[in-house]
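Engineer: What follows is a structure written as structure tokens; I'll ask about it next.
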Amino acid sequence: MVRTLVRKYPTNWRPENPASVLVLESLFKDMGIGVGDTQLDHAALEATRKYCIDAIIEAVCSGFDLGIGHVEHLAKMYHDGYVAGWKDCEENVSFR
Numbered sequence: 437m438v439r440t441l442v443r444k445y446p447t448n449w450r451p452e453n454p455a456s457v458l459v460l461e462s463l464f465k466d467m468g469i470g471v472g473d474t475q476l477d478h479a480a481l482e483a484t485r486k487y488c489i490d491a492i493i494e495a496v497c498s499g500f501d502l503g504i505g506h507v508e509h510l511a512k513m514y515h516d517g518y519v520a521g522w523k524d525c526e527e528n529v530s531f532r
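When the letters of the sequence shown are read in order and numbered with this note's numbering, they come out as residues 437 to 532.
Listed below in structure tokens is the structure:
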């Protein structure tokens, strides 16, 4: 059986394009991450940003190029987990 990543909240980003830390802010905004005014929204945005930057850097250092689709998926999983109460998501969700 073949599984595909189906976007729950489609964006205009092409999933196969390479990811860069320079586009994270725009990607998060398009995904609806960090658009609220609550303290939790801001904390979740900062934590998600840090997690995605670390993931991109680790992948590049290992010789892999993460696509926007990969980072979008990681960001959505991490953000949702953070908001749901996983304050220590780095140990629970990893792409390694």
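Heads up, the beta-carbon is just placed ideally off N, CA and C, and yes, glycines get one too.
How big is the Cα-Cα spacing for histidine 515 and proline 451?
Structural biologist: Roughly 18 Å separates the two Cα atoms.
Engineer: Put valine 459 into one of helix, strand or coil per three-state DSSP.
Structural biologist: If DSSP states are grouped into helix, strand and coil, valine 459 belongs with the helices.
Engineer: By DSSP's criteria, proline 454 is part of a beta bridge. Which residues make up the other side?
Structural biologist: Proline 454 is bridged to Gly503.
Engineer: Which of the three DSSP states, helix, strand or coil, is assigned to threonine 484?
Structural biologist: Of the three classes helix, strand and coil, the one that applies to threonine 484 here is helix, per DSSP.
Engineer: Hey, is isoleucine 469's beta-carbon within less than 7 Å of any beta-carbon in chain D?
Structural biologist: This model lacks chain D altogether, as it is built from one protein chain only.
Engineer: Look at the alpha carbon of valine 519 and the alpha carbon of proline 454, and state the distance between them as a whole number of angstroms.
Structural biologist: Their backbone Cα atoms lie some 27 Å apart in a straight line.
Engineer: Whose C-alpha, out of Ala495, Thr474, Gly517 and His478, is nearest the C-alpha of serine 456?
Structural biologist: Minimum Cα distance to serine 456 is reached at Ala495.
Engineer: For alanine 511, which residues in the same chain have their Cβ closer than 6 Å to its Cβ, ignoring the five residues on either side in sequence?
Structural biologist: For alanine 511, where only same-chain residues beyond five positions count, the Cβ hits under 6 Å are Thr484 and Cys488.
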